[in-house]
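Just so we're aligned, residue 1 is where the sequence shown starts under full-length UniProt numbering, counting upward by one.
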Amino acid sequence: MVRNAASLSESAVVQNPVETSEEEGEKSVSNQKNSDESGTTVVVAPPEFRFMYPEFLPDPKMERRNKLKEKLERMDMLQRRSVVEIPEFYTGSIMAVTVADSNSPNKFARFVGICIQRGGSGLRAWFILRNVVDRQGVEILYEMYCPLIQKIEVLRLERRLDESLLYLRDALPEYSTFPFEMEPERRSNNSVVPLNPIKVKLRPRPWLERWERQDLQGVQDLNLPQRFYDRAKEVAKPWEKYDLMLQYRKTIPAEEQEKIYAEVHSQLQQQELKRKIRKRRSPNSEQ
């Protein structure tokens, strides 16, 4: 079963000024700025930003594009990130989300699960966590910038072979079962995000979807009769990967991506520096 965490609020949160030393400030600026031939300073964001923060990219559908609205949304997203830390995560990461819940005895509710899908853009960005509780599969859809979210934790940062793990709904329960007391795993700041090559085993048919018709890398052999694979070849569309206009309509041009991430890069760095300074000043604090 799927539950929606809450609807988004239009209220913005005031961002506090960044407290940093001169050396740290100069170091952050030197890492994010380059000069072109004319001597103009150009901000360059790391290329991995498009994978770490895909929600900053606007909806590629032209009928939904509005430059002013997109810029205001990015400002609001950065302000909310200055209050609630949204760590780096991917589909397949084990996460814990704490939200305000007036019906809970302690007024907070915490859910642990594996991220099986993420999507949306701007303030409409969302992700789904799944866990098996009392032999019942439970899924919660969280809106990433929902004001009810108090804390987002990444307990195990990793990626999977597929961008969507919805097939875990038809997989054995052990692939989606995680203890609520799970402790976060430590990793160095500069380490590469590990890729989990696990291949899950699905239960016998019937399934919620025709998984044999999808190019899934993280699923074991489905052991279906040959007629299912023959039908999958008949309905397949292998030519779509060569359709340049289809790819253009579904993505934001690389030049525009660079401009967007250059706009938010410096503020994301300042927020990270601010959190590091807070941790040094109060090592026993969870912040």
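C-beta: ideal position from N, C-alpha, C; glycine also.
**Report entry** Span of the alpha helix (DSSP H) around residue 178
**Finding:** Working through the sequence shown from its first residue, we reach residue 178 at position 178. First-last for residue 178: undefined, no H or E at that position.
**Report entry** Any 3 or more C-beta pairs closer than 8 Å across the region 163-173 and the region 197-209
**Finding:** yes
Requested in this report: Starting from the C-beta of residue 180, find all residues in its chain whose C-beta is less than 6 Å away, skip the five residues before and the five after it, and write them out in chain order.
Outcome: Position 180 of the sequence shown, counting from 1, holds the residue named residue 180. Here the set comprises 112.
Query raised in the report: Among 278, 166, 271, which one has its Cα closest to the Cα of residue 87?
Result: Taking the sequence shown and counting its residues from 1, the one referred to as residue 87 is at position 87. When each option's Cα is compared against that of residue 87, the closest is 271.
Query raised in the report: With 16 as the cutoff for other CB atoms within 10 Å, does residue 58 come out buried or exposed?
Result: Along the sequence shown, read from residue 1 onward, the residue named residue 58 stands at position 58. It is buried - the Cβ of residue 58 has at least 16 other Cβ atoms within 10 Å.
Report task. For residue 118, name the three-state secondary structure that DSSP assigns. Result -> Locating residue 118 in the sequence shown gives position 118, where the first residue counts as 1. DSSP places residue 118 in strand when its eight states are reduced to three.
Query raised in the report: Span of the beta strand (DSSP E) holding residue 228?
Result: Stepping through the sequence shown from its first residue, residue 228 is reached at position 228. No beta strand (DSSP E) contains residue 228, which is instead part of the alpha helix (DSSP H) from 226-235.
Requested in this report: Rounded to whole angstroms, what's the CA-CA distance from residue 152 to residue 104? Just pull it up for me.
Outcome: Sequence index remark: in the sequence shown, residue 152 carries index 152 (1-based). Sequence index remark: in the sequence shown, residue 104 carries index 104 (1-based). One C-alpha to the other measures close to 18 Å.
Query raised in the report: Closest to residue 110 by CA distance: which of 120, 121, 139 is it?
Result: Walking along the sequence shown from the start, residue 110 turns up at place 110. Nearest of 120, 121, 139 to residue 110, Cα basis: 139.
Report task. Report the option in 161, 72, 107 whose CA atom is closest to the CA atom of residue 148. Result -> Position 148 of the sequence shown, counted from the start, is the residue given in the question as residue 148. Considering only alpha carbons, the answer is 107.
Query - Touching by the beta-carbon criterion (3+ pairs, under 8 Å), the region 49-65 and the region 73-92 - result: yes
Report task. Let me know the secondary structure DSSP gives residue 300 once reduced to three states. Result -> Residue 300 lies beyond the residue range present for the chain, which begins at 1 and ends at 287; the question has no answer from this structure.
Report task. Say yes only if the C-beta of residue 210 is nearer than 7 Å to one or more non-hydrogen atoms of the ligand FMN, and no if none qualify. Result -> The ligand content of the structure shown is nil, which means the ligand FMN is not present either.
Requested in this report: Report the three-state DSSP secondary structure of residue 298 (helix, strand or coil).
Outcome: Within the shown structure, residues of the chain are numbered from 1 to 287, placing residue 298 beyond reach of any answer.
Report task. Please check the pair residue 141 and residue 95, which I expect to be a contact at CB under 8 Å, by giving their CB distance rounded to whole angstroms. Result -> Residue mapping note: residue 141 aligns to position 141 of the sequence shown, counting from 1. Residue mapping note: residue 95 aligns to position 95 of the sequence shown, counting from 1. In fact, because the Cβ distance is near 13 Å, the residues do not count as touching under 8 Å.
Query raised in the report: What's the C-alpha gap between residue 119 and residue 195?
Result: Taking the first residue of the sequence shown as 1, we reach residue 119 at position 119. Taking the first residue of the sequence shown as 1, we reach residue 195 at position 195. The straight-line gap from Cα to Cα measures roughly 20 Å.
Query raised in the report: Anyone know if the C-beta pair for residue 159 and residue 218 falls short of 8 Å?
Result: Sequence index remark: in the sequence shown, residue 159 carries index 159 (1-based). Sequence index remark: in the sequence shown, residue 218 carries index 218 (1-based). Result no, Cβ atoms of residue 159 and residue 218 do not sit closer than 8 Å.
Query raised in the report: For residue 217, which three-state DSSP category applies?
Result: As a working mapping, residue 217 is identified with position 217 in the sequence shown. In this structure, residue 217 counts as coil in the three-state DSSP scheme.
Requested in this report: Can you give me the Cβ contacts of residue 52 inside the same chain, cut-off strictly under 7 Å, excluding the 5 residues immediately before and after it?
Outcome: Residue 52 sits at position 52 when you count from the first residue of the sequence shown. Around residue 52, the same chain offers 88 as residues with beta carbons nearer than 7 Å, after the five sequence neighbours per side are excluded.
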